[in-house]
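Okay, structure first, notes after.
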Amino acid sequence: MKIHEYQAKEILRRHGVPVPSGKPAMSVDEAVSAADQLGGPIWVVKSQIHAGGRGKGRFAEVSSAEEIQAAADGHPLDGKGGVQLCRSIDEVRAAAEFMLGNTLVTKQTGAEGKQVSRLYIEGGADIAQELYLSVMLDRSNHRVMLMASAAGGTEIEDVAEADPEAIKRVHVDPAIGLGGWQGRALAKDLGLTGKAVNRAAVFFQKLVACYVAMDCDMLEINPLIVTGDDNVMALDAKMSFDGNALYRHKDVQALRDLSEEDEAELEAGEYGLSFINLDGNIGCLVNGAGLAMSTMDIIQYKGGKPANFLDVGGGAKKDQVVAAFKIITKDPAVKAILVNIFGGIMKCDIIAEGVLAAVQEVGLQVPLVVRLSGTNAELGRKIIDESDLNVITADDLDEAGTKAVAAAQGA
Ligand code: ADP
Ligand code: MG
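Using our numbering, the first residue of the sequence shown is number 29, and each one after it goes up by one.
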């Protein structure tokens, strides 16, 4: 689960990680009064969306497609993007009026962009140096890892491509935490000098402690800055949490911004379905995560692309199957549906009844391929055969994959 920059900075503050002073604002008036309280003389107005690249992003309503494309090469604070530098309260007001309600397109939002309905007003920082820093879990080493580079403001994927040597990695011992010596060595490696070295080392330790205490799965500070007077601060913050640990962070759950999340995934969550939207055109309805993954594999292997991952679970009820089917058919990208069920605890006749009920309710505009195997498979097939549904049946996974891909291609 992701949260906004202003929420992440509040959590960082609580854990003793230095961030500039700032205040969230949901309206132009709030933005103006936040700027008033912060005092200036320089403010930065920052669009709050669950995507990065805001500085070099462009607002869709005022920019052409070419301009949006070209902005990525410009300066993040050129006065047109999702992060704007302001030198007076009037400029703060103008920036807030411009951003709120507008749709921001960045490298990470996709072409459709994201509507801005929250702002963060922050004091302008005196930046001497911008660095990249993130904390994540290095699964191959079973350890929390700090990743850093001297190229702040640049996405780490770009650094990895252009100059992989420039990325420094430091692993955290789970028993003793991040050592001060490790932090100082990393700071020096990044080119820091003077007081900034020790300050950075303390910053790294607090950041790692925050990451662990909050059950984060990713915590990215880009840029981490050294100020003119050698202070070390987080100028940006992206924080996301391990969904399996959210039960012990009620305060984090409350930060959820549903307007930023995928509608279909939210609806699926309400019915207890595991669902992830993907960008292909074959909708999949499967029971069990392993079978769902094999189904996606076979679709790719046969030259197609799955539109989603959907696991209805081991013991799904009819209404869950109906909900699952509806979620899939709602996606206009779906050109064929593959129902692939291996009946164990889940009985194939329940699936068949669920599919029939859903089709009666929402109709069926695309070809439907069904493969039923295991408990009550015969009964399930009979239910489908006896209906007047136009269903393509398959006996095994291979055949199901071939038929689904052909159906999606209109063959
Ligand atoms: P994004 O990564 O989404 O573009 P950032 O928060 O990293 O957003 O802001 C983009 C750039 O804007 C930063 O790299 C930095 O140069 C500048 N910036 C952001 N916040 C401030 C601030 N409080 N003071 C001065 N400059 C800022
Ligand atoms: Mg950033």
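Glycine included, each C-beta is placed from N, C-alpha and C at the ideal position.
Other residues of its chain near residue i: CB distance less than 6 Å, five sequence neighbours each side excluded
i, result
"residue 31", "267 and 283"
"residue 81", "134, 135 and 136"
Contacts around residue i, its chain only, beta-carbon distance under 8 Å, and the 5 residues preceding and following it disregarded
i, result
"residue 411", "377, 380, 381 and 384"
"residue 329", "429"
"residue 169", "199"
"residue 173", "163, 164, 165, 166, 197, 198, 199 and 200"
"residue 333", "306, 307, 308, 309, 310 and 327"
"residue 233", "205, 206, 208 and 211"
Sequence-distant residues of its chain with Cβ nearer than 7 Å to residue i (five each side left out)
i, result
"residue 41", "47"
"residue 186", "none"
CB of residue i within 9 Å of CB of residue j, strictly
i, j, result
"residue 159", "residue 96", "no"
"residue 397", "residue 357", "no"
"residue 363", "residue 407", "no"
"residue 310", "residue 273", "no"
"residue 229", "residue 43", "no"
"residue 326", "residue 426", "yes"
"residue 54", "residue 147", "yes"
"residue 66", "residue 85", "no"
"residue 149", "residue 71", "yes"
"residue 339", "residue 316", "yes"
"residue 73", "residue 114", "yes"
"residue 111", "residue 75", "yes"
"residue 403", "residue 355", "no"
Boundaries of the beta strand (DSSP E) in which residue i is found, first to last residue
i, result
"residue 75", "71 to 75"
"residue 113", "111 to 114"
"residue 92", "Careful: residue 92 lies outside any beta strand (DSSP E) and carries neither H nor E."
"residue 49", "From DSSP, residue 49 is part of no beta strand (DSSP E); its letter is neither H nor E."
"residue 375", "No beta strand (DSSP E) contains residue 375, which DSSP labels as neither H nor E."
"residue 127", "From DSSP, residue 127 is part of no beta strand (DSSP E) but of the alpha helix (DSSP H) over 117 to 127."
Beta bridge counterpart(s) of residue i as assigned by DSSP
i, result
"residue 166", "171"
"residue 370", "401"
"residue 205", "201"
"residue 288", "Residue 288 pairs with nothing; no bridge assigned."
"residue 249", "161"
"residue 365", "311 and 396"
"residue 86", "133"
Residue of the options minimising C-alpha distance to residue i
i, options, result
"residue 276", "241, 262 and 324", "241"
"residue 436", "365, 306, 257 and 181", "365"
"residue 300", "349, 323, 78 and 333", "349"
"residue 417", "404, 131, 390 and 402", "390"
"residue 145", "154, 139, 126 and 60", "126"
"residue 341", "368, 331, 359 and 360", "368"
"residue 132", "45, 194, 297 and 99", "99"
"residue 27", "52, 103, 371 and 360", "Because the chain spans 29 through 439 in this model, residue 27 falls outside it and cannot be assessed."
Residue i: first and last residue of the uninterrupted alpha helix (DSSP H) it sits in
i, result
"residue 327", "317 to 329"
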